[in-house]
Structure formats: C-alpha cells, structure tokens
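A.B. asks: In my numbering, the protein residues as written are 4 to 282. A virtual CB, placed ideally from N, CA and C, is assigned to each residue, including glycine. Just so it is clear, the structure is predicted and the values come from calculations on it, not from any experiment.
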C-alpha cells in the first residue's frame, strides 16, 4: 500500500500543480487538490504547433516499433525453440554475444548513415526491433510448450508458418502483451536515439520537443522574474506560472502511457508470472 502511494502521489501532485492557479503554486499552497482550477498551462503547451506534430511522430514511432518488435521477435524465437532446427544452438550463442558486446555509438551511426536511414522513421524503429532480450523471453516461452504440439501439427500437414500463427501465438497472448508494453514504453520515452539520428524538426518525437520547451521555460523563468520585478508585476505569479507549465509539459509526456497501462495490466501481470515460472 505504501509503495503504491509513493508511486501514485507524485503524479497526482504534478497534475494538481498543472491545473492550479499560478499564484497558489508560487506560494506553495497547492496540495493534492488543485486550487483555482484552470487549463491555461496546457493551453500554453499546445499553442506550439510543433507539439501536435511531435505527438503524431511519437505515436507512429511507438506503433510501428512495437509491431516490428513482436514480428521480428516471434519470427526469430520460433525457429530457435524448435528441436528439429539444427542451427538453433550456434545461432543462440551468436545472438547472445551481441547482448554483451556491441559495435558502439559511432559504428551504429555510420551503419544507419550508409543504409540511408538517418532522419527516417526506420532509424528509431529498426534498432529497437532487433533486441535479443525480447527474443530470449519469447524463445523461453515457446520452448515451454510441449514439443508434441509442434510434432502433431507438423504430422497433420501444417507448415511452420501455420504452426506459429495458428498455434503458438494464440497461446502466448500474455507474454506478447508484456513485451508489447515494454517496447511501447521504451519507444515512447526514447530520447537518445531521436537526438542522435533525427535532425529535421518535423521528424522529432515528443520527448525532444518537450525537452526543448522545458529548457526554454528554464531560461524564460529567470527573465520573467527579472521583468516582473522591474515592472512591479507579482513575481510569485510568474514563478508559479512557469512551474505549472513545467508540470503540464511533464504530464503531457507520461499521460498516454498512464492511460494505456490499466487496459493491458492483466496481460502484463500474467506475462511476467509466466516468464518467471517458465524461465
């Protein structure tokens, strides 16, 4: 109970500040319930047209990346879980090697550049799709299924595509939902990859744009306070307004994930339990 409250209360407090009167915020009189309810902080955040475009970019990066993670992960994990695939052990060792040793940042950047993927949606989604950690989880889940299930379907005339999509995947909904949740959260919150691989403003996701807004507010806050003092404007209201905008900006970023999680929580818990038992 205490752990749950320690996680939930900061979000409630951020939401309360973002919806409160700037004067009350500046005086630190806002608790878990908003004072002087208003939407001005959110209106300020969404006045920038770049916000809507970056929102759409984050949505499409997350959706396409999650689909690729599941598609590539399942198509790679399935043959590695089938006993009749002779090369599964050396391939597993080769893939495991990449988990501990990677080319590094510069080779990754040069690879994407040589493939003409810089400043495209593929620069964000493809690197995330080739994650052997997800493949290990899927392979473990597939291996836990009775091998007789594969053999009987194969004897009945089913090929590997039919076995994968008609038998294996329908029995793996929980683990698929878990991996989809992890992948979508990672793609939605991705910052370093877009910062390195995306240069066009129209391609940048929400994390980059909102960071720019936060930094701009940090710079403007001091200027606003100095201007407020020189013009005899209430500096408390100015400081509170900047704080409200900052909290609104943060909440805009985490809002979609917070809203989506309750709908996949059941599958997430089941997937984690299945992975822990079968692993």
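Hey, which unbroken runs of the alpha helix (DSSP H) at 4 residues or more fall wholly within the segment 128 to 213?
C.D. replies: Complete alpha helix (DSSP H) runs here, min 4: 135 to 146, 150 to 158, 163 to 166, 176 to 191, 195 to 200.
A.B. asks: Where do the ends of the alpha helix (DSSP H) carrying residue 11 lie?
C.D. replies: Looking at the DSSP string, the run of the alpha helix (DSSP H) that includes residue 11 is 5 to 21.
A.B. asks: Given that a residue counts as buried once 16 or more other Cβ atoms are within 10 Å of its Cβ, and exposed if not, what is residue 42?
C.D. replies: Exposed.
A.B. asks: To the nearest angstrom, how far is the alpha carbon of residue 105 from that of residue 184?
C.D. replies: Cα-Cα distance, rounded: 25 Å.
A.B. asks: Provide the residue span of the alpha helix (DSSP H) that contains residue 60, from first to last.
C.D. replies: 52 to 84 is the span of the alpha helix (DSSP H), which, as asked, contains residue 60.
A.B. asks: Three Cβ pairs or more, each shorter than 8 Å: is that satisfied between the segment 85 to 100 and the segment 252 to 267?
C.D. replies: Flag = no, the segment 85 to 100 and the segment 252 to 267 do not touch.
A.B. asks: The ligand SAM heavy atoms versus the CB of residue 195: any closer than 7 Å?
C.D. replies: Summarising the ligand content, the structure contains no ligands, and the ligand SAM is consequently not present.
A.B. asks: Could you tell me whether the Cβ atoms of residue 77 and residue 6 are closer together than 8 Å?
C.D. replies: It is not a contact, given that the beta carbons lie outside the stated cut-off.
A.B. asks: So does the segment 25 to 35 actually touch the segment 51 to 59, counting three or more Cβ pairs closer than 8 Å?
C.D. replies: At 8 Å Cβ cutoff, the stretches do not touch.
A.B. asks: Can you give the Cα-Cα distance for residue 133 and residue 140, rounded to whole angstroms?
C.D. replies: Cα to Cα, residue 133 sits roughly 13 Å from residue 140.
A.B. asks: Among 122, 130, 97, which residue has its Cα nearest to the Cα of residue 107?
C.D. replies: Selected option, being the one with the closest Cα: 130.
A.B. asks: Which first and last residues belong to the alpha helix (DSSP H) in which residue 120 is found?
C.D. replies: Note, residue 120: premise wrong, no alpha helix (DSSP H); not H, not E.
A.B. asks: Among the candidates 149, 45, 99, whose CA atom is the shortest distance from the CA of residue 246?
C.D. replies: If we check each option's Cα against that of residue 246, 45 comes out closest.
A.B. asks: Drop a sphere of 10 angstroms on the beta-carbon of residue 27, count the other beta-carbons inside from all chains shown, and report buried for 16 or more, exposed for fewer.
C.D. replies: Buried: at least 16 other Cβ atoms inside 10 Å.
A.B. asks: Specify whether the segment 118 to 125 and the segment 199 to 216 touch according to this definition: at least 3 beta carbon pairs, one from each stretch, less than 8 Å apart.
C.D. replies: With the cut-off at 8 Å, the segment 118 to 125 and the segment 199 to 216 touch.
A.B. asks: Can the beta-carbon of residue 39 be found less than 8 Å from the beta-carbon of residue 127?
C.D. replies: No, Cβ-Cβ distance for residue 39 and residue 127 is not below 8 Å.
A.B. asks: Do residue 208 and residue 186 come within 8 Å of each other at the CB atom, strictly closer than that value?
C.D. replies: Result no, Cβ atoms of residue 186 and residue 208 do not sit closer than 8 Å.
A.B. asks: Have a look at 257, 217, 260, 266 and flag the residue whose alpha-carbon is nearest the alpha-carbon of residue 51.
C.D. replies: The shortest C-alpha separation from residue 51 is found at 217.
A.B. asks: The alpha helix (DSSP H) with residue 32 in it runs from where to where?
C.D. replies: Note, residue 32: premise wrong, no alpha helix (DSSP H); not H, not E.
A.B. asks: List the endpoints of the continuous alpha helix (DSSP H) containing residue 95.
C.D. replies: 91 to 103 is the extent of the alpha helix (DSSP H) around residue 95.
A.B. asks: Helix, strand or coil for residue 25? Go by DSSP, reduced to three states.
C.D. replies: Note: residue 25 maps to helix in three-state DSSP.
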